[in-house]
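Reading through the structure tokens given below for one structure.
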Amino acid sequence: MEESIILKIKSKLEELSKMERRLGEYILSHAEEIVDENTGSLAKKAGISPATVVRFCKSIGLQGFAQLKIKLYADVSGENGKIYTDISPNEDVPLIAEELAIRFNQSISQTANKLDAEAVDQVAGMLDACPVIYVYGLGASHVAAEDFTQKFSRIGKAVVHMQDHHLLASSLANADQNSLFIAVSNSGETIETVKLMKIAKQRGLRTVAITQKQDSTLTEMVDFAVFHHGGEAVMLRSAATTSLAAQLFTINVLYFAYVSKHYSEAVGRLKTSKSRIQTFFRKD
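UniProt numbering applies: residue 1 is where the sequence shown begins, and numbers increase by one.
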């Protein structure tokens, strides 16, 4: 059986440097929380430098922080849990469906409880005042950003959504300063998203983050943040499932909050767009 990483850290503490020992003691006291951290956030919480995290991992015989998180997760999950992924071998379809339904319902309920109604209202007001809305998300967050674009475009809002972050960076650098940039990122640490946010801030745009992390780099940069539930808590996700559902639910709440404040106009635009699409794309 593979040695417990927690026991290994305990046995190595006295051999480590002062800063590495401080990190080791922090990890032992917060083992379950470490799996959700990145190098920077862990270093900040433990009161050490990111370089110390790298040195610590090598001192205990690991290749890097990612390997440490996997081994920690294995320890805190126990041998009978789904240690590495959210899928077990040879599961029956009804069981898969039942488990997913439970996880989706839980994620959406927790997001509904977590949502700050005042923040949603403030963002809805910003959407009303901005001539152009720029929105970006990478990976699964791209799907959420695309859903935002589809919904708000149908009610007449000018939305710019590009997956190519270089092209979007050019657009942001020349955007009207009254425009709004919305960044969708579950972790709040996606490099491309953070860099685009820096451009938006330098340009003087209004900024919003839709994210799970309240202490992320992205959250600290924006004017307003709308938080959702974190979703999956496994090391190697087979796919973004409940986290994506939480993002989509959050965007829907924002959309309906906006539409309810502009009900007649929004419903009129929805009727018009539906009629035009049916007219232009009907079979002759």
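Where a beta carbon is used, it is the ideal one built from N, C-alpha and C, also for glycine.
Just so you know, these numbers come straight off a predicted model, no measurement behind them.
Residue from the options whose Cα sits closest to the Cα of residue i
i, options, result
"Lys198", "Ser170, Leu95, Asn186", "Ser170"
"Asn178", "Ser17, Phe224, Ala129", "Ala129"
"Glu118", "Tyr258, Lys18, Ile5, Arg154", "Tyr258"
"His142", "Leu244, Ser273, His229, Asn252", "Leu244"
"Thr211", "Leu205, Phe256, Lys261, Ala144", "Ala144"
"His229", "Met221, Pro131, Ala246, Val222", "Ala246"
"Phe227", "Leu115, Ala266, Gly204", "Leu115"
"residue 352", "Val159, Asp147, Thr250, His262", "Because the chain in this structure spans residues 1 to 284, residue 352 falls outside the shown range and cannot be described."
"Val54", "Lys45, Lys44, Thr39, Ser4", "Thr39"
"Lys71", "Ala225, Leu28, Ser264, Phe281", "Leu28"
"Ile191", "Lys213, Leu205, His165, Gly204", "His165"
"Glu220", "Val194, Tyr263, Arg203", "Val194"
"Phe152", "Leu218, Phe256, Lys10", "Phe256"
"Tyr134", "His161, Ala124, Ile277, Lys283", "His161"
"Ala124", "Gly204, Lys261, Ala101", "Lys261"
"Ala173", "Leu100, Thr279, Lys201, Ile251", "Lys201"
"Glu189", "Glu15, Glu37, Ser11, Glu33", "Glu37"
"Ala66", "Asp92, Ile34, Ala101", "Ile34"
"Gln163", "Asn186, Leu138, Ser187, Ser185", "Leu138"
Close Cβ partners of residue i (< 6 angstroms) along its chain, the five nearest in sequence each way excluded
i, result
"Gly156", "Arg269"
"Ala240", "Ala140"
"Leu68", "Cys57, Leu62"
"Met1", "Unreliable placement is indicated for Met1, whose pLDDT of 46 sits below 50; the coordinate value is still reported in the next sentence. Counting only Cβ-Cβ distances below 6 angstroms, and skipping sequence neighbours, we find nothing."
"Ser4", "Asp75"
"Gly204", "Gln177"
"Leu180", "Met126, Cys130, Ile133, Arg206"
"Gly64", "Cys57"
Cβ separation of residue i and residue j, assumed to be a contact under 8 angstroms, to the nearest whole Å
i, j, result
"Ala175", "Tyr136", "Going by Cβ atoms, the distance from Ala175 to Tyr136 rounds to 13 angstroms, so no, they are not a contact pair."
"Ser41", "Asp147", "In fact, because the Cβ distance is near 28 angstroms, the residues do not count as touching under 8 angstroms."
"Ile6", "Ala31", "6 angstroms"
"Val120", "Val253", "6 angstroms"
"Phe249", "Thr111", "5 angstroms"
"Val222", "Met126", "Actually they do not touch by this definition, with Cβ atoms about 11 angstroms apart."
"Arg154", "Ser273", "5 angstroms"
"Leu218", "Leu196", "Between Leu196 and Leu218 the Cβ distance is about 10 angstroms, and since that is not below 8 angstroms, they are no contact."
"Phe281", "Gln122", "The pair is not a contact, with the Cβ atoms about 38 angstroms apart (cut-off 8 angstroms)."
Close-in-space but distant-in-sequence residues of the same chain around residue i (CB under 7 angstroms, 5 per side omitted)
i, result
"Gly81", "Residue confidence for Gly81 is low, a pLDDT of 45 falling below 50, so the modelled location carries little weight; the figure read from the coordinates is stated next. So no residue of the chain qualifies."
"Ser17", "none"
"Ser107", "His229, Gly231, Thr242, Ala245, Ala246"
"Arg22", "Ala46, Gly47, Ile48"
"Leu95", "none"
"Lys213", "Ser187, Gly188, Thr219"
"Lys10", "Leu28"
Bounding residues of the alpha helix (DSSP H) (the contiguous stretch that carries residue i)
i, result
"Ile133", "Ile133 -> not in any alpha helix (DSSP H); beta strand (DSSP E) instead, spanning 133-137."
"Gly268", "263-280"
"Gln106", "93-114"
"Lys151", "140-154"
"Gln122", "117-129"
"Ala173", "165-173"
Start and end residues, beta strand (DSSP E) containing residue i
i, result
"Ala183", "180-185"
"Val160", "159-161"
Close beta carbons around residue i, own chain, < 8 angstroms, minus the five adjacent residues each side
i, result
"Glu79", "Any answer about Glu79 is weak, because its pLDDT of 46 lies below 50 and its placement is not dependable; what the coordinates show is given next. So no residue of the chain qualifies."
"Gly61", "Lys8"
"Leu13", "Arg21, Gly24, Glu25"
"Glu15", "Ser59"
C-beta neighbour in chain C for residue i, strict 8 angstroms
i, result
"Glu98", "Structure shown: chain C not included; a single protein chain is present."
Q) For the segment 190-228, which segments carrying the alpha helix (DSSP H) assignment without a break, of at least 4 residues, lie completely within its bounds, in sequence order? A) 191-203, 217-221
Q: Counting only runs of 4+ residues fully inside the UniProt domain "HTH rpiR-type" (3-79), write out the alpha helix (DSSP H) ranges in chain order.
A: 5-12, 18-29, 31-34, 39-46, 50-59, 65-77
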